[in-house]
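Heads up: the structure comes next, in structure tokens.
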Amino acid sequence: MHNKKIYITVITLFFISALVTFFLYEYEMYLINSGKNFMSVNETINLYKKKKNINENVDDLIELARLYSVNKEYEKSKEYLLKALEKEPKNTIALHRLALVYENLNDFNKAIETRQKLVDIEPQKPENHYYYAILLLTKDINVSINEIELAVKYADESDKQFYMEMLELFKNSSKFIDEEKYDGYIDIINSKFLESNNNVKLEIIKNIRSKYRNLKIEDINKLENLEKEIKNNKIN
Amino acid sequence: MNVIKLEIEKCIKERKYIAPLISIVFFIAISAYFASHDPRGRDYFTYTYYVFILNCRVIFPIIVAIFFTNVLVKEFEKKTARIHFLKPYGREKALLYKYIAGSVIISIIFILTFFVYELILLIVFKIKGLEIFNIYEFSFKEFYLRAYSTLLLQIVFLITFGAMVFIIGIITKKGIITILISLLILISEQRGLFLDIIPKRILFLSTAAKYNYMLQLDKMVYISYLYDLMLNISTLLGFILISFLLIRRIELD
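Residue numbers (UniProt numbering), protein chains in the order written: chain L, 1 to 236; chain P, 1 to 253.
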């Protein structure tokens, strides 16, 4: 073959570059599959903070607050959400996030107050009544039931069943509670409706302890175990 | 080296560089016009971004296809191929030198026009700031790294495309058919017609307009970039090898 040298050079270079390309492809796939291609929350926060006029844009403030919430920095999250609400007091996303932040900070009075605002702004949205009802469990189950009834009223056909089940459970539980039995609360805590509200569950257990002074040892143990379980779940 | 120099001089003497130069300047100017009418922001980043958005998919590859067709196919059409390829150093080297000369010219034109464009923006029009669409603010260092890395990938893509044009040119030996087939390949790629045969991630044509590297924020941006660069280089070397095999087998008039 003529020009044997040039063929060898091109073929060698081709194989070397193909090999490097293959390894880069594999590495890229590894980064994607392991999720390591994304920036960490802290890196994203730093990037957001570099933005010009961050305090001027409500959407940016809400997003930054969300990132702090993901990082479990609830005080900072609250700070940015309050800034956003200063600019747009009726921003429902900011209000919803703020209520969640207050819930995580165990400030249930403020959380309820914020949910109340949301319900006033969007009374026909069943989700608002649902979240509000859950928070109200820490105060009065009967007020909570009123809110679920409103959720049922405004829910469309696809969601109605969910709220109806919730209403039924809450009503049954309230009968126990009226009879001075705390079991009604336990049924609610263990239900699917409070699946992601660990702080509310812990607050309810705290309320049971202070309300029912004459608990038996076995009841105290039962509550302690449940509390441990919720805390473990919260950590996980 | 001397042969490459001679090939470059030949291209310059025959004024083969003028058409791509004028076309690239023209289309970059059009990009600047559209960038200046973008309500999202009139900053440096937007102007640079528009060059890649508007031109990289079809316009620049077509300019390159016409140029590389001129460099090679004209030898067949003018019946000078026999003189050119029957050199003592062999057909392969003759073809390689022609290809390198073409690639050098197109790269110089591309880099120069882009660089002059950036300078005009900066000095004459005083367009400053790197705030892309009012979102993130990159440092100048990051901006230049991203803009010129994108430019480098674009140039490597274009010369790889040129290598493909060479293969088509050797097979058809006709300028207009070579350009039409190149255009057809570009359009087919954009309509996803190749995806049934070749996965997108290993198709060099899919790297035609990787301007998203200027905006992408995740950590993978440089790995993906290097992969695209190496994919083009591998494809280029593959095309060169194919053209060697073809040039050896064709009959020279």
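Every residue gets a Cβ at the ideal spot worked out from N, C-alpha and C, and that includes glycine.
According to DSSP, is residue i helix, strand or coil?
| i | result |
| --- | --- |
| L/H96 | helix |
| P/I135 | For P/I135, the predicted structure reports a pLDDT of 47, less than 50, and the residue's modelled location is therefore unreliable. A value from the coordinates is still provided. In the structure shown, P/I135 sits in coil (DSSP, three-state: anything other than H, G, I, E or B). |
| L/P126 | helix |
| P/A19 | helix |
| L/N197 | coil |
| P/I83 | helix |
| L/S191 | coil |
| L/D18 | For clarity, residue 18 of chain L is Ala in the given sequence; the question names Asp instead. It is helical. |
| L/I220 | helix |
| L/R115 | helix |
| P/E9 | helix |
| residue 237 of chain L | The question about residue 237 of chain L has no answer, for chain L in this structure spans 1 to 236. |
| L/T44 | helix |
| P/I4 | helix |
| P/L193 | coil |
| P/A29 | helix |
| L/N106 | coil |
| L/F176 | helix |
| L/N3 | coil |
| L/T138 | coil |
| P/D38 | coil |
| L/A133 | helix |
| P/K126 | coil |
| L/Y25 | helix |
| L/D156 | coil |
| P/K174 | coil |
Give the interface partners of residue i over in chain P, defined as CB-CB distance under 7 Å, in chain order.
| i | result |
| --- | --- |
| L/S17 | M230, I233, S234, L237 |
| L/Y27 | I223 |
| L/N21 | In the sequence under discussion, the amino acid at residue 21 of chain L is Thr, which differs from the Asn named in the question. Chain P residues near L/T21: Y227, M230, L231, S234. |
| L/N55 | Within chain P, no residue comes near L/N55; the closest Cβ sits about 14 Å away, beyond 7 Å. |
| L/N3 | G90, E92, K93 |
At which residues does the alpha helix (DSSP H) containing residue i begin and terminate?
| i | result |
| --- | --- |
| L/Y212 | Element bounds for L/Y212: n/a, residue is neither H nor E. |
| P/G238 | 221-249 |
| P/P61 | 59-77 |
| L/N71 | Per DSSP, L/N71 belongs to no alpha helix (DSSP H) and is neither H nor E. |
| P/K91 | The question names Lys, but residue 91 of chain P is Arg in the sequence shown. Start and end: 91-119. |
| P/Y213 | No alpha helix (DSSP H) contains P/Y213, which DSSP labels as neither H nor E. |
| P/I53 | 44-55 |
Less than 9 Å between the C-beta atoms of residue i and residue j, yes or no?
| i | j | result |
| --- | --- | --- |
| P/A35 | P/Y49 | yes |
| P/I28 | P/F114 | yes |
| residue 254 of chain P | L/Y25 | Residue 254 of chain P falls outside the range modelled here, since chain P spans only 1 to 253, and no answer is possible. |
| P/L151 | P/I111 | yes |
| P/T235 | P/T160 | yes |
| P/C11 | P/A209 | no |
| P/P61 | P/L153 | no |
| P/I168 | P/S188 | no |
| L/L64 | L/Y74 | no |
| L/I230 | L/K211 | no |
| L/D187 | L/L167 | no |
| P/F68 | P/V165 | yes |
| P/L241 | L/F14 | yes |
| residue 288 of chain L | L/A99 | The structure shown does not extend to residue 288 of chain L, since chain L spans only 1 to 236, so no value can be given for it. |
| P/H84 | P/E75 | yes |
| P/F198 | P/I105 | Just to set this straight, residue 198 of chain P is Ile in the shown sequence, not Phe. Against a cut-off of 9 Å, the Cβ pair of P/I105 and P/I198 comes out as no contact. |
| L/E103 | L/N197 | yes |
| residue 283 of chain P | P/Y47 | Only positions 1 to 253 of chain P appear in the structure, and residue 283 of chain P is not among them; the question remains open. |
| P/S107 | P/Y225 | no |
| P/E92 | L/Y7 | yes |
| L/K90 | L/N55 | no |
| L/A133 | L/I145 | yes |
| P/Y44 | P/L121 | yes |
Taking C-beta pairs closer than 8 Å, name the residues in chain P that residue i reaches, listed in chain order.
| i | result |
| --- | --- |
| L/L13 | L237 |
| L/Y7 | E92, L241, F244 |
| L/V10 | L237, I240, L241, F244 |
I want to verify the contact list: residues of chain L whose CB lies under 7 Å from the CB of residue i, in sequence order.
| i | result |
| --- | --- |
| P/L226 | L24 |
Report the neighbours of residue i on chain L: residues whose CB is nearer than 8 Å to its CB, in chain order.
| i | result |
| --- | --- |
| residue 255 of chain P | Residue 255 of chain P lies beyond the residue range present for chain P, which begins at 1 and ends at 253; the question has no answer from this structure. |
So with Cβ pairs under 9 Å, would you call residue i a contact of chain B?
| i | result |
| --- | --- |
| L/Q161 | The structure shown has no chain B; the protein chains it does contain are L and P. |
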